[in-house]
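Residue numbers (my numbering): 598 to 1010. Where is the CB? At the ideal position from N, CA and C, for every residue including glycine. Quantities reported herein were computed from a predicted structural model and do not represent experimental measurements. In what follows, a single structure is set out as structure tokens and then discussed.
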Ligand SMILES: *Cc1c(COP(=O)(O)O)cnc(C)c1O
């Protein structure tokens, strides 16, 4: 055996076997976690490339290491394509993932201890939007807005009142468990009225924005972050986009402020994914994701309460408590039927985070495999059946059989 040159199945059959097992799990089941999607084979190939080997601290044309002629071309290409996809002024493709990208923006635009305003985790925000267990909540003073009890939508009057009262340096919008349009323009107006930077974290929405299936944060926002592995359909990573006048601050906050060498294989994957986003097929994909989520919500609403009464995007948040089941029990039962969702808090949830009242579902991954509205409507029925019969093993196994038929009809790679 040659430890350096032989392929994975020969060098390490154990790890190879685990990867094959996971491939089968992904193929057989319905992946309905809204933050997940399937990267294309082309993206996976870029990730498994020799670009992994190169150190290139710095930016194109200004590196601290030699031998970066090719890496400079890769990074510049990724930047140009992302600019073209979103129509933004400046792009940094180096953040290691969504969480560090957010920390990098905060440290670029605030001093430690400054105040920011963001959505609370329990009503749909992200940990890195200043939750107390997150570093972001310790390093900066975050004030939180939420949704209104009336319609479970973002309460812009509350956002405006909190902004006027606390005079934050940054107002963050964007969420992980919110199924309605994010009003980017209105958020930016409120931020600018109080002299704050307007920031959107569109991690969940980037692909929908690129496809024209959700309004764009540009030109309203001053700075926008996104992961590249959710609806972006790319490698695990993130990008920061901002106005030209903030470019230097943001770039410095990423490197050397927070990170060392960029992950060049990921940068190549971002370039590939952004290239695919520029194609007409991607517009069709993004629109189909939204149509599929609407079809899913419609059938589900016959059996469980859909938070805010429906969805405008790729995700559906459902309150399963009226069906006599907790979010955790629903997640476990659905897992047995090969449908992967996650338990989630619902707004004003009377239950605890580790066993909340809701489940969160999304359509980006199954849409990549070619599922359409009628299949998503059927899947809504299957989910409802599992929720209603969560302790009936016969019902779970009959749903599982149907899931296996559906997934066999849509091979992945
Ligand atoms: C996923 C997500 C993040 C964090 O991304 P990681 O890559 O998991 O660090 C940040 N913000 C939002 C809104 C997200 O959905």
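Please confirm whether any heavy atom of ligand 1 lies closer than 8 angstroms to the CB of residue i.
i: residue 941; result: no
i: residue 798; result: yes
i: residue 864; result: no
i: residue 741; result: no
i: residue 830; result: no
i: residue 868; result: no
i: residue 833; result: yes
i: residue 773; result: yes
i: residue 872; result: no
i: residue 632; result: yes
i: residue 697; result: yes
i: residue 595; result: Residue 595 falls outside the range modelled here, since the chain spans only 598 to 1010, and no answer is possible.
i: residue 824; result: yes
i: residue 896; result: no
i: residue 733; result: no
i: residue 960; result: no
i: residue 712; result: no
i: residue 717; result: no
i: residue 726; result: yes
i: residue 776; result: no
i: residue 860; result: no
i: residue 801; result: yes
i: residue 723; result: yes
i: residue 694; result: yes
Identify every residue that forms a DSSP beta bridge with residue i.
i: residue 903; result: 915
i: residue 768; result: 714, 795
i: residue 784; result: According to DSSP, residue 784 bridges with nothing at all.
i: residue 952; result: 949
i: residue 979; result: Paired residue(s): none; residue 979 is not in a bridge.
i: residue 687; result: 839
i: residue 658; result: Its beta-bridge partners do not exist; DSSP assigns none.
i: residue 937; result: 628
i: residue 693; result: Answer is none; residue 693 lacks a bridge partner.
i: residue 957; result: 914, 939
i: residue 751; result: 744
i: residue 738; result: 712
How long is the line joining the alpha carbons of residue i and residue j, rounded to whole angstroms?
i: residue 777; j: residue 818; result: 18 angstroms
i: residue 798; j: residue 723; result: 9 angstroms
i: residue 693; j: residue 609; result: 27 angstroms
i: residue 889; j: residue 681; result: 27 angstroms
i: residue 664; j: residue 653; result: 8 angstroms
i: residue 809; j: residue 880; result: 7 angstroms
i: residue 845; j: residue 834; result: 21 angstroms
i: residue 765; j: residue 840; result: 19 angstroms
i: residue 877; j: residue 738; result: 43 angstroms
i: residue 691; j: residue 864; result: 7 angstroms
i: residue 987; j: residue 927; result: 7 angstroms
i: residue 670; j: residue 757; result: 44 angstroms
i: residue 990; j: residue 626; result: 18 angstroms
i: residue 947; j: residue 674; result: 49 angstroms
i: residue 954; j: residue 637; result: 34 angstroms
i: residue 746; j: residue 949; result: 19 angstroms
i: residue 973; j: residue 892; result: 6 angstroms
i: residue 645; j: residue 741; result: 40 angstroms
i: residue 729; j: residue 736; result: 10 angstroms
i: residue 914; j: residue 976; result: 15 angstroms
i: residue 732; j: residue 1005; result: 43 angstroms
i: residue 909; j: residue 650; result: 42 angstroms
i: residue 750; j: residue 856; result: 36 angstroms
i: residue 642; j: residue 752; result: 43 angstroms
i: residue 679; j: residue 899; result: 40 angstroms
i: residue 966; j: residue 633; result: 13 angstroms
i: residue 793; j: residue 852; result: 24 angstroms
i: residue 806; j: residue 932; result: 31 angstroms
i: residue 772; j: residue 603; result: 44 angstroms
i: residue 718; j: residue 836; result: 22 angstroms
Is any non-hydrogen atom of ligand 2 found closer than 8 angstroms to the C-beta of residue i, if you look at the structure I gave you?
i: residue 827; result: Ligands in the displayed structure: ligand 1; ligand 2 is not one of them.
Within the stretch 812-838, ranges of the beta strand (DSSP E) (whole runs, at least 3 residues) = 820-824
Segments of 4+ residues assigned as alpha helix (DSSP H) that fall wholly inside the stretch 844-900 | 844-851, 861-874, 877-897
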